[in-house]
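To keep things clear, I will list the structure first and then write my remarks on it.
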Amino acid sequence: MELNKRTIRYFETVLEGSVTKEESADIIVPDMFPDILRIVDTSGLSVVKDKNARDGAAEVFGMVRATVLYVPEGARGLRKMDVSLPFSHVFEGRNVGPDCKVTAKVSLLSAEARTMNPRKVQVAVSVQLEVSVFGAQDWTVCEGVQDPAEASVQTRVDAQSAYMPVALRDKVFSVVDEMEIPGSRPAASEILKADVKLLTQDVKPIGNKLVLKGAAVAKVLYLGDGALASVEQELPFSQILEMERLEDGCDCAVDLTLTGLDMELRAGLSGESRLISVSLQIDAQARASMDHKIMALADAYSTSYDLLPEFHAVEVSHLLDKSTRRQAVREMVEAGQPVHSVMDAQVFLGPVQTLEEENRVILRTDALLKVIYIGEDQEYYALSRRLPVEYSLEAPAGSRCRAAAQVAAEVLAGATHEGIEARFSVDFDVMVTQPSHFSAVGAINVDLNSPKDHANRPSVVLRRCQLGETLWDIAKKHNTTCADIARANALEEKEELSQGRLLLIPRRR
Numbered sequence: 196m197e198l199n200k201r202t203i204r205y206f207e208t209v210l211e212g213s214v215t216k217e218e219s220a221d222i223i224v225p226d227m228f229p230d231i232l233r234i235v236d237t238s239g240l241s242v243v244k245d246k247n248a249r250d251g252a253a254e255v256f257g258m259v260r261a262t263v264l265y266v267p268e269g270a271r272g273l274r275k276m277d278v279s280l281p282f283s284h285v286f287e288g289r290n291v292g293p294d295c296k297v298t299a300k301v302s303l304l305s306a307e308a309r310t311m312n313p314r315k316v317q318v319a320v321s322v323q324l325e326v327s328v329f330g331a332q333d334w335t336v337c338e339g340v341q342d343p344a345e346a347s348v349q350t351r352v353d354a355q356s357a358y359m360p361v362a363l364r365d366k367v368f369s370v371v372d373e374m375e376i377p378g379s380r381p382a383a384s385e386i387l388k389a390d391v392k393l394l395t396q397d398v399k400p401i402g403n404k405l406v407l408k409g410a411a412v413a414k415v416l417y418l419g420d421g422a423l424a425s426v427e428q429e430l431p432f433s434q435i436l437e438m439e440r441l442e443d444g445c446d447c448a449v450d451l452t453l454t455g456l457d458m459e460l461r462a463g464l465s466g467e468s469r470l471i472s473v474s475l476q477i478d479a480q481a482r483a484s485m486d487h488k489i490m491a492l493a494d495a496y497s498t499s500y501d502l503l504p505e506f507h508a509v510e511v512s513h514l515l516d517k518s519t520r521r522q523a524v525r526e527m528v529e530a531g532q533p534v535h536s537v538m539d540a541q542v543f544l545g546p547v548q549t550l551e552e553e554n555r556v557i558l559r560t561d562a563l564l565k566v567i568y569i570g571e572d573q574e575y576y577a578l579s580r581r582l583p584v585e586y587s588l589e590a591p592a593g594s595r596c597r598a599a600a601q602v603a604a605e606v607l608a609g610a611t612h613e614g615i616e617a618r619f620s621v622d623f624d625v626m627v628t629q630p631s632h633f634s635a636v637g638a639i640n641v642d643l644n645s646p647k648d649h650a651n652r653p654s655v656v657l658r659r660c661q662l663g664e665t666l667w668d669i670a671k672k673h674n675t676t677c678a679d680i681a682r683a684n685a686l687e688e689k690e691e692l693s694q695g696r697l698l699l700i701p702r703r704r
C-alpha cells in the first residue's frame, strides 16, 4: 500500500566527548635575563588549531600559550617568559566517518609554574576539551495513506514535535584591529600577557545566509614606565556564513573559538608606544536547529481487508527552554598580608556539572580566580582561589539539561582592609529538552484479494467503555469507524470517553 511520506534532513549527534588534558614543559631562562627570585603569576591562552573526522574517530589539535611572570634576583619589577604547550586527543566512535562535522571547544582550567633552579622553570597546564560530532541523516516520516478509500482504510495520525539540527557550518576568519592606550595611562614598553574573550552578540538568518555580529574583548597587561598597567578594549566584527537548509523559524547559534593570536606594540606620531596591533584568527561554529511539527501515521486498519502495519519505535526531543542565565559572584578573598593595590584579575571556568533534583536542575562550575597585586612593601604578589558558582532552574522530571558557562563581563578586583574583593558574573547557556517516545507506521501490507467476512457479525453491539479507552480503540476492535460510532451516539470524534459510558456500536456495511 502506498503511503504519503515526508523526508526530513537533519544532523544526528554520533559522538560527544569531554576530556581533561594535562601538559607540561620546562623553560630555560634566556641568557640575557636575570635569575629567578620568585614566580608571581602563570597564565595562558588556549587555542584550537585543527579538528577533523575520520573512520571511527575525531581528532582535535590545539595549543596553550603560557606566560610566566617572575621577580628577578637583584632587581625590581617583573620579567616574563613564554612557552607553547601543544595538546591533542583522539575521540573514538564507531559511527564517525570522514563526512562527519566536528565542533570543538577548549577551556583553560589552570596554569601553574614551579622553580626547579634559578635558571629553570617547569610549567604545567590543564585544559578541558569538548567535542561534538554530527552525521547527516534522512528521516522518512509516513504521514498517511495515499488512497485510503481503495481498501476502506482508517488511519490515526498523531502530531509530534522534534527539535534537531538541520544545518551546520564552520568558517575561520581573521580580525585585524588596533587597541589604543589612553593618555591617562603610561605608554607601553613591553606586553606581559594578554587575554581574549569572544562574544556572540547577534545571529540572524537571512535566506540561506547567517549574519553574525560579535566582539573580541581583549585585555592586555603591559609594562610602562617601570610599572604594571592594563588596557581593555572591545573589538567588534561581523561575518556572513553561507548555510544550506536554513528555513523560517530556525533557531541559530554560533560558538566562537580562538585559533590564533598575535599582538605587537606600535609607536604613534609622538614616538610613544600607545598602539597595540591585534590579529585574531577565529573559528565560527554555526548550528541551525528547528522544532519540526510532524504528523506521523500512528496506526491503521481496514474495515474490509486484513492490514499488517509495520511499526517502528521513534525517539525525539522537544525543546523546553533555550536561554542564558546569569549568576553574579562577589567574594572577599584574604591575601595573607596587607594589599596596596590590585594590578590584574582573571577568572578561568571549569566544566559545568548538572545535578538533577525533583523538578529542578542545579548547574555548578568552579571559577579559578587569579589576582596580581602590590603589597605594602611595593613588591608584586599573586593569589589564586577556587570559587564554586551555582545556578538553579526549573526543569520537568525526565528532561535533559545541557549547559556551558563563560565569564560574562569584566572581572573587577580591588584592595580592602580585609584583603581583595572580587566581582564577576558567569553566564550559563542552557538548553533543556524533553525526550519523547512513540510508535509510528513505516509500511502497510494488505491483501486486496481476501476481503473480510461480515456476514456473521451482529448489526448492533451495546458495550461499556473501559478505563482509558478511546473511540479509535473501540472502532478498531469492532471493525467499524470512529465516524459511525460518533454518529450513532451523538458524539464528537475527538471527544474523551468516560469510564462506564454505554455505547452503540453499529456494524460497518
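Numbering (our numbering), first residue to last: 196 to 704.
Yeah, the Cβ is synthetic: ideal placement off N, Cα and C, and Gly gets one too.
| Asked | Found |
| --- | --- |
| Just reading off the beta strand (DSSP E) that D622 is part of, what are its end residues? | G614 to P646 |
| With distance defined between alpha-carbon atoms, name the residue in S425, A344, T395 and V406 nearest to R380. | S425 |
| Under the assumption that L464 contacts A362 (Cβ atoms under 8 Å), give the Cβ distance between them as a whole number of angstroms. | About 48 Å separates the two Cβ atoms, so there is no contact after all. |
| What ranges does the beta strand (DSSP E) occupy inside the region 375-456, keeping only unbroken runs of at least 3 residues that lie completely in it? | 385-401, 404-419 and 422-437 |
| Is the beta carbon of L685 less than 9 Å from the beta carbon of T676? | Checking the sequence shown, residue 685 turns out to be Ala, not Leu. In this structure, T676 does not lie closer than 9 Å to A685 by Cβ. |
| For the region 597-611 against the region 256-271, are there 3 or more C-beta pairs whose distance is under 8 Å? | no |
| Apart from the five residues on each side of it in sequence, which residues of its chain come closer than 6 Å, Cβ to Cβ, to K392? | V412 |
| Report the rounded CA-to-CA distance for S356 versus L304, giving the unit in angstroms. | 38 Å |
| Per DSSP, W334 is paired with what? | I203 |
| Which whole-angstrom value is the C-beta distance of V336 and T237, which I expect to be below 8 Å? | Not a contact, Cβ separation roughly 55 Å. |
| DSSP state of R671, grouped into three classes? | Looking at the sequence itself, residue 671 is Lys, so the reference to Arg does not match. Helix, per DSSP. |
| Write down the C-beta distance between A299 and T452 rounded to the nearest angstrom, noting that I regard them as a contact closer than 8 Å. | 7 Å |
| Mind checking who D478 pairs with in its DSSP beta bridge? | V367 and T452 |
| Which runs of the beta strand (DSSP E), 3 residues or longer, sit entirely within the region 203-269? | 231-249 and 252-267 |
| At a cut of 8 Å, does the region 622-631 reach the region 595-606 through at least three beta carbon pairs? | yes |
| Roughly how many angstroms separate the alpha carbons of R702 and D494, rounded to a whole number? | 21 Å |
| Which same chain residues end up closer than 7 Å to E589 when comparing Cβ atoms and leaving out the 5 residues on each side of it in sequence? | N554 and R555 |
| Mapping the DSSP letters down to three states, classify C677 as helix, strand or coil. | helix |
| So, for E613: in the same chain, excluding its five sequence neighbours on each side, which residues have a beta-carbon less than 6 Å away from its beta-carbon? | M527 |
| What's the call for G444, buried or exposed, on a 16-neighbour Cβ count within 10 Å? | exposed |
| Which value, in whole angstroms, describes the spacing of the CA atoms of R289 and D250? | 8 Å |
| Could you tell me the distance, in whole angstroms, from the CA atom of I557 to the CA atom of G272? | 44 Å |
| Nearest to Q532 by CA position, among I615, F206 and S321, is which residue? | I615 |
| Between the Cα of L662 and the Cα atoms of K246, S645, G695 and V320, which residue gives the shortest distance? | G695 |
| Check whether the Cβ atoms of L387 and L416 sit closer than 9 Å, and answer yes or no. | yes |
| Could you tell me whether the Cβ atoms of V449 and Q480 are closer together than 9 Å? | yes |
| Identify which residue in G330, L460 and Y358 has its Cα closest to the Cα of P630. | Y358 |
| Can you tell me which of L456, R520, Q434 and V641 puts its alpha carbon nearest to the alpha carbon of S241? | L456 |
| Any idea if P293 is buried or exposed, counting beta-carbon neighbours within 10 angstroms, 16 or more meaning buried? | exposed |
| If you run the structure through DSSP and keep just helix, strand and coil, what is P293? | coil |
| Roughly how many angstroms lie between the CA atoms of D642 and V340, to the nearest whole one? | 15 Å |
| Consult DSSP for E526 and reduce its assignment to one of helix, strand or coil. | strand |
| Taking three-plus beta-carbon pairs below 8 Å as touching, is the region 559-569 in contact with the region 495-505? | no |
| What does G339 pair with, by DSSP beta-bridge criteria? | N199 |
| With 16 as the cutoff for other CB atoms within 10 Å, does T498 come out buried or exposed? | buried |
| If distances are taken between C-alpha atoms only, which option among E211, G593, L697 and A650 comes closest to G330? | E211 |
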